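Mapped onto this note's numbering, the consecutive letters of the sequence shown carry residue numbers 15 to 390.
For each residue, glycine too, the CB sits at the ideal point set by N, CA and C.
All values derive from a computational prediction rather than experimental measurement.
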Amino acid sequence: MTGVTLTNFKPVGFDHPMPAVLHIGGDGLLRSAAEAGAQPLDCQGRWLSPGWADLHVHIWHGGTDISVRADQGGLCHGVTAMADAGSAGEANFHGLREYVLERQPETIRAFLNIGSIGLVAGNRVSELIDMRSIDVDRTLAVIEANRDVICGIKVRASGVIVGAWGITPLKIGKRVAEIAGLPLMVHVGEMPPALDEVLAVLTPGDVVTHCFNGKPGGSIVDTPALMEMAQSLARAGVLMDIGHGAASFSFRVARRAIAEGLKPYSISTDLHLRNVHGPVYDLATTVSKVLGSGLGFDDCVRAISTHPRAFLKLASVATPGARADFTLFDLVDGDETVRDSGGDSMRLTRLFEPRLAILGTHRVAASRVLPEARPA
15 MTGVTLTNFK PVGFDHPMPA VLHIGGDGLL RSAAEAGAQP LDCQGRWLSP GWADLHVHIW
75 HGGTDISVRA DQGGLCHGVT AMADAGSAGE ANFHGLREYV LERQPETIRA FLNIGSIGLV
135 AGNRVSELID MRSIDVDRTL AVIEANRDVI CGIKVRASGV IVGAWGITPL KIGKRVAEIA
195 GLPLMVHVGE MPPALDEVLA VLTPGDVVTH CFNGKPGGSI VDTPALMEMA QSLARAGVLM
255 DIGHGAASFS FRVARRAIAE GLKPYSISTD LHLRNVHGPV YDLATTVSKV LGSGLGFDDC
315 VRAISTHPRA FLKLASVATP GARADFTLFD LVDGDETVRD SGGDSMRLTR LFEPRLAILG
375 THRVAASRVL PEARPA
C-alpha cells in the first residue's frame, strides 16, 4: 500500500486543531511529512471527521437470527468502528469474538449481554426469563478474559423481554457492571419495568439506548417528570443513545426532546436484519433523520464520531504516529422522504453522504444506501 497525502478538506469533530494537509504512510500511520511515492488525494472541499462509530449494532451473523454481517454497516457506509450491543452472552461470546470481532477490518467492541444466551433467537426466546438465565460468575469470568474488546454490559429492560421479572434483571446487570468496572447499556421500551424505575438505576457513564422511542410507558415524553428526570441524568453524565432500530425511534419524541434541550450523546442504528432494508438502512440515513429532527450539524457529527469513539476509548486525533481513522463525507441538499420506527414520515432536505472511509491501510469508497437501491 502506498502512502497518501490528503488536501482540501474541512475538518469537523476533532479534539484538537487540524493541519491543512494530512500525510498517511503506506503502513496506515499518520506522518509529519509525505513519504516517498505518496499519492495526492484532493478531498474537493468535503468534510473530514474522525472515523464514524456506531455504538449499537447486531453483527453476529449466523450466531443470532437477527444479526447482519458486519460489513453491511461498516467501512462501505463510512463507519470505521462499531459496538455489538449484546448479541452474545457469556455462553457464546467466544463465537462472536472468534468469527466476527477478530476477522473484520473495522474496529469492533461488544457489550456483553447479561443473559447467558444473548440474542440467539431475538425476541422469540427471551434471554431473561428468570434467574436461571443469568450466571454471574461465568459472566464475570468472560469479562476478565475479554477486557480488550468488551466495552460494557447490555440489559434489555422492557416487558417483551423480562415480563413479570420486571426491574430485577437490570439491577443484576448493574451490579455485575459495577463489580467489573464497566458501564451499562440499557434498552428501554415497553413496560414493565416503568421508565422511571429503569432510569433510577443508572449512574454517570451508563447508556440509555432507544432514548427517543415512542412507546407508551417507555418514552421520556410520557410525562413532564420523566423528561425532567432524563434531562437531569444527561446533565449528570448518563449517555443518551438513539438506537433507531425497527421499533425504537420516533420523530415526534426526537423533535420534542431536542427542542427542550435534551441532545443525544450518540446516534446509532441498532442495525439488524429486520431494519437494514428499512427504516434504518445505515448510519448516514439515521444521522440525517436526527439532523432533520432539529439537532445541529456539529452536534450530529460528534454524535457519530467523537462521542461514541470516546466511549469506546478510541482517540479522535490526527497526530503523527497515530493510526489513520477518518470518514470523508458531504452534507448535500436533497428531497427525500424517510420514516421512523412507527411509520411516521419526514421530508429530508439535507443529507449526510459518506464518500470515503480511511482506517489504517484500508481506504474504502463509501456511500449511503440510496433510495433507488432500496427494496420496494
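N- and C-terminal bounds of the beta strand (DSSP E) containing residue i
i    : result
L370 : S359 to L373
H376 : H376 to A379
E350 : D339 to R353
D56  : Q53 to P64
T94  : V93 to A99
K24  : V18 to P25
Cβ-based burial, residue i [other Cβ within 10 Å; buried from 16]
i    : result
K327 : exposed
D354 : buried
S330 : buried
R111 : buried
P230 : exposed
R138 : exposed
M96  : buried
R117 : exposed
L305 : buried
P183 : buried
A273 : exposed
A67  : buried
P238 : exposed
R249 : exposed
L384 : exposed
D2   : It is not possible to answer for residue 2, since the shown part of the chain is limited to 15 through 390.
R361 : exposed
T21  : exposed
V35  : exposed
Proximity to residue i [Cα-Cα], best of the options
i    : options                   : result
P206 : M199, W179 and L216       : W179
G76  : G132, E120, R123 and L36  : G132
V215 : G203, G187 and G228       : G187
R323 : S280, G203 and R266       : S280
A260 : R249, P293 and M241       : P293
H423 : T363, H258 and L89        : Outside the modelled stretch of the chain, which goes from 15 to 390, sits residue 423, for which no answer is possible.
E350 : G356, R364 and D144       : R364
P54  : G40, M254 and V202        : G40
M15  : I38, P25 and D296         : I38
D210 : T320, T217, G232 and V200 : G232
L89  : N127, L373 and I167       : L373
P64  : I318, G356, R361 and F366 : I318
L43  : V301, A336, S359 and R369 : A336
V156 : K168, V174, L126 and E141 : L126
T300 : H70, R60 and S140         : H70
R170 : G129, E120 and V134       : G129
A84  : V378, V134 and T121       : T121
F23  : F340, S381 and T375       : F340
Residue interval of the alpha helix (DSSP H) (run including residue i)
i    : result
F107 : F107 to L110
G259 : Segment: none, G259 is in no alpha helix (DSSP H) and carries neither H nor E.
L297 : L297 to G306
A248 : P238 to A250
H5   : Given that the chain is displayed from residue 15 to residue 390, the structure contains no residue 5 and the question cannot be resolved.
I38  : No alpha helix (DSSP H) contains I38, which is instead part of the beta strand (DSSP E) from L36 to I38.
R382 : R382 -> no alpha helix (DSSP H), and no H or E assigned at all.
K229 : Neither: K229 is in no alpha helix (DSSP H) and is coded neither H nor E.
is_contact[residue i, chain D] using C-beta, thresh 8 angstroms
i    : result
S302 : You won't find chain D in this structure, because it holds only one protein chain.
For this session: Return the chain-ordered ranges of every alpha helix (DSSP H) run that is complete within the segment 122 to 177 and spans a minimum of 4 residues.
Result: 150 to 159 and 173 to 176
Exercise. Can we say the segment 287 to 294 touches the segment 28 to 35, given the rule of at least three CB pairs closer than 8 angstroms?
Worked result: no
Exercise. So, do the segment 145 to 155 and the segment 101 to 119 have three or more beta carbon pairs nearer to each other than 8 angstroms?
Worked result: yes
Exercise. Okay, do the segment 265 to 279 and the segment 336 to 351 touch, 3+ Cβ pairs below 8 angstroms being the bar?
Worked result: no
Problem set entry | Length at least 3, wholly inside the segment 197 to 224: the beta strand (DSSP E) runs in chain order | 198 to 202 and 221 to 223
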